[in-house]
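Engineer: So my numbering is basically just the index in the sequence shown, starting at one, shifted up by 229. Using N, Cα and C, we set each Cβ at its ideal position, and we do this for glycine too.
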Amino acid sequence: MNIDEIKLLTGLRIKNIRERLKYTQEQLSELIQIDISALSKIENGKNFPSYETLYKFFGILKINPTELFDFEDFQTLEDDLTDKIIFEQIKDLSPRNKQKIQKFIKMITE
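1) Round the Cβ separation of Ser258 and Leu268 to the nearest angstrom and send it over; I've been treating them as touching at under 8 angstroms.
2) How many whole angstroms separate the CB atoms of Ile261 and Ile289, which I take to be in contact at a CB cut-off of 8 angstroms?
3) Nearest to Lys275 by alpha carbon, out of Thr282, Phe298, Ile292, Thr239?
4) Under the assumption that Arg359 contacts Leu297 (Cβ atoms under 8 angstroms), give the Cβ distance between them as a whole number of angstroms.
5) Counting only the same chain and skipping the five closest in sequence on each side, list residues whose C-beta sits under 6 angstroms from that of Lys340.
6) Taking only the alpha-carbon atoms, compute the straight-line gap between Glu317 and Pro278 and give it to the nearest angstrom.
7) Which word fits Lys244, buried or exposed, when buried means at least 16 other C-beta atoms lie within 10 angstroms of its C-beta?
8) Check Glu229 in the structure and name its three-state DSSP category.
9) For Glu234, count neighbouring Cβ atoms within 10 angstroms of its own Cβ and tell me buried if that reaches 16, exposed if not.
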């Protein structure tokens, strides 16, 4: 597992826990005292939280470091990571190639 995958999985785990606790991004960002854009970048795996922010996540989300970083048995994160990777690969395609992908998906899901 490389650092980019760790950032993505950490962000997805934080997002999953936030949603499970029914916090909006705005609510959680206020509680941990960071900009909503910073939280979004963390949840999307673009940035890794600072130690101070991690400490706040542990307290507010009522989790310990093991819960946040134990990726072995978290199939939802792996599924989300796969979806995110596919989305990242598709988003930069031309409209024509996106249509081809859409037709292919339709064909294999019927």
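Structural biologist: This is what the structure gives:
1) Between Ser258 and Leu268 a beta carbon distance of about 4 angstroms is seen, short of the 8 angstroms cut, so the two are scored as contacting.
2) Taking C-beta atoms under 8 angstroms as the contact rule, Ile261 and Ile289 qualify, at a distance of about 6 angstroms.
3) Comparing Cα-Cα distances from Lys275 to each of Thr282, Phe298, Ile292, Thr239, the minimum goes to Thr239.
4) Outside the modelled stretch of the chain, which goes from 230 to 339, sits residue 359, for which no answer is possible.
5) This structure cannot speak to residue 340, because the chain is shown only from 230 to 339.
6) Distance between the alpha carbons of Glu317 and Pro278: 22 angstroms.
7) Looking at its Cβ environment, which holds 16 or more other Cβ atoms inside 10 Å, Lys244 is buried.
8) Nothing in the structure corresponds to residue 229, since the chain is present only between 230 and 339.
9) With fewer than 16 other Cβ atoms within 10 Å, it is exposed.
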